[in-house]
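**Q** Whatever position you read off the sequence shown (first residue = 1), add 2 for my numbering.
We put the beta carbon where it would ideally sit given N, CA and C, even for glycine.
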Amino acid sequence: MSANVALCRARASSSYSLFNSVVRPAFRSFSTGFADVVQNKTLVAEMKEKMLHMDMNSMIGSSMPLGMMRIGTIINNIEMNPKQGAKLVRAAGTNAKILKEPSSGKCLIKLPSGDTRWINSSCRVTIGEVSNPSHGVKKKLRKAGERKSKSSGSRGRTSVTPWGKPCKGGYKSASVKKKMKRLAAREAKMM
3 MSANVALCRA
13 RASSSYSLFN
23 SVVRPAFRSF
33 STGFADVVQN
43 KTLVAEMKEK
53 MLHMDMNSMI
63 GSSMPLGMMR
73 IGTIINNIEM
83 NPKQGAKLVR
93 AAGTNAKILK
103 EPSSGKCLIK
113 LPSGDTRWIN
123 SSCRVTIGEV
133 SNPSHGVKKK
143 LRKAGERKSK
153 SSGSRGRTSV
163 TPWGKPCKGG
173 YKSASVKKKM
183 KRLAAREAKM
193 M
């Protein structure tokens with residue numbers, strides 16, 4: 003009974019040293035003989051192993067269901083529906099935060115946009131923040147050539163006379179009908 007209580011306390015604590023301070027004093031008072039001491043030491047070792055395993059699961063980069071995480075955990079790569087794949091918080095440098103623990107199978111999450119959303123607690127998420135937070139930050143340009151090289155090049159058009167501008171954007175030759183009209187006008191002037 004006391005071992006289960008100690009294990010529950012250990013789950014609540016997140017550090018290994020706090021776990022030692024909670025569990026060891028409880029077993030020292032119960033040991034009466036050598037056999038009891040050996041048995042208690044193996045039980046303590048087993049509990050420590052479980053605690054270390056739990057700490058490894060809560061490390062950054064681990065993926066697990068949302069319902070198994072603590073309030074305030076920073077997360078990313080959130081599934082909208084179970085086994086659908088990550089849909090939310092995938093861009094560089096983004097993260098979300100768990101606001102409320104699961105109630106009726108859903109958790110409240112604060113997204114990077116500031117919105118809050120209820121997500122199914124069986125959806126998987128990744129612990130931590132997506133890397134490269136400086137992605138998209140404007141870099142200071144050191145000289146004019148850097149700006150020029152970033153700008154788009156010319157579109158490869160030639161200039162067009164005013165009669166071709168309203169609906170034609172680029173080099174277009176006149177249609178046969180227009181050419182014939184111009185030639186006829188020139189010939190009429192000559193005569």
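In three-state terms, what does DSSP make of L90?
**A** Position 88 of the sequence shown, counting from 1, holds the residue named residue 90. Here L90 sits in strand by DSSP.
**Q** Assuming H137 contacts A94 under a Cβ cut-off of 8 Å, what Cβ separation, rounded to an integer in Å, is found between them?
**A** To locate residue 137, count along the sequence shown from 1; it is residue 135. To locate residue 94, count along the sequence shown from 1; it is residue 92. The pair is a contact, with the Cβ atoms about 4 Å apart (cut-off 8 Å).
**Q** Helix, strand or coil for L143, going by three-state DSSP, please let me know.
**A** Here residue 143 refers to the residue found at position 141 when the sequence shown is read from its first residue. Note: L143 maps to coil in three-state DSSP.
**Q** Our contact map puts I76 next to V127 with C-beta atoms below 8 Å; I'd like the distance itself, whole angstroms only.
**A** Here residue 76 refers to the residue found at position 74 of the sequence shown. Here residue 127 refers to the residue found at position 125 of the sequence shown. Contact flag wrong, Cβ pair sits at about 10 Å.
**Q** Could you tell me if M61 is buried or exposed, where buried requires 16 or more neighbouring beta carbons within 10 angstroms of its beta carbon?
**A** Counted from its first residue, the sequence shown places residue 61 at position 59. Result: exposed.
**Q** Grab the span of the beta strand (DSSP E) containing A187 for me, first residue to last.
**A** On the sequence shown, position 185 is the one that residue 187 refers to. Here A187 belongs to no beta strand (DSSP E); instead the alpha helix (DSSP H) covers V178 to M192.
**Q** Name the residue from S153, P114 and G69 whose alpha carbon lies nearest to the alpha carbon of I131.
**A** The residue labelled residue 131 in the question sits at position 129 within the sequence shown. Note on residue identity: the sequence assigns Glu, not Ile, to residue 131. Ranking S153, P114 and G69 by Cα distance to E131 puts P114 first.
**Q** Compute the distance between the beta-carbons of I100 and A88, then report whether it is under 8 Å.
**A** Within the sequence shown, numbered from 1, the residue matching residue 100 stands at position 98. Within the sequence shown, numbered from 1, the residue matching residue 88 stands at position 86. For I100 and A88, no; Cβs fall outside 8 Å.
**Q** Should L143 be labelled buried (16 or more other beta-carbon atoms within 10 Å of its own) or exposed?
**A** Here residue 143 refers to the residue found at position 141 when the sequence shown is read from its first residue. With fewer than 16 other Cβ atoms within 10 Å, it is exposed.
**Q** Comparing alpha-carbon positions, which option in A176, K102, P67 and K50 lies nearest S123?
**A** Against the sequence shown, residue 123 aligns to sequence position 121. S123 has its Cα closest to that of P67, out of A176, K102, P67 and K50.
**Q** Ordered along the chain, which non-local residues of its own chain (more than five positions away) have a Cβ less than 8 Å from that of N134?
**A** Here residue 134 refers to the residue found at position 132 when the sequence shown is read from its first residue. The answer, listed in chain order, is A94 and G95.
**Q** Mind checking which residues open and close the beta strand (DSSP E) that includes C125?
**A** Numbered from its first residue, the sequence shown carries residue 125 at position 123. Note, C125: premise wrong, no beta strand (DSSP E); not H, not E.
**Q** Quick test of your reading: C109 and G69, contact by CB under 8 Å. State the CB separation rounded to the nearest angstrom.
**A** Here residue 109 corresponds to residue number 107 of the sequence shown, with the count starting at 1. Here residue 69 corresponds to residue number 67 of the sequence shown, with the count starting at 1. Right, their Cβ atoms sit about 7 Å apart.
**Q** Near T118, which residues of its chain fall below 8 Å by C-beta distance, leaving aside the five closest residues on each side in sequence?
**A** Here residue 118 refers to the residue found at position 116 of the sequence shown. These residues qualify, in order along the chain: L101, L110, I111 and K112.
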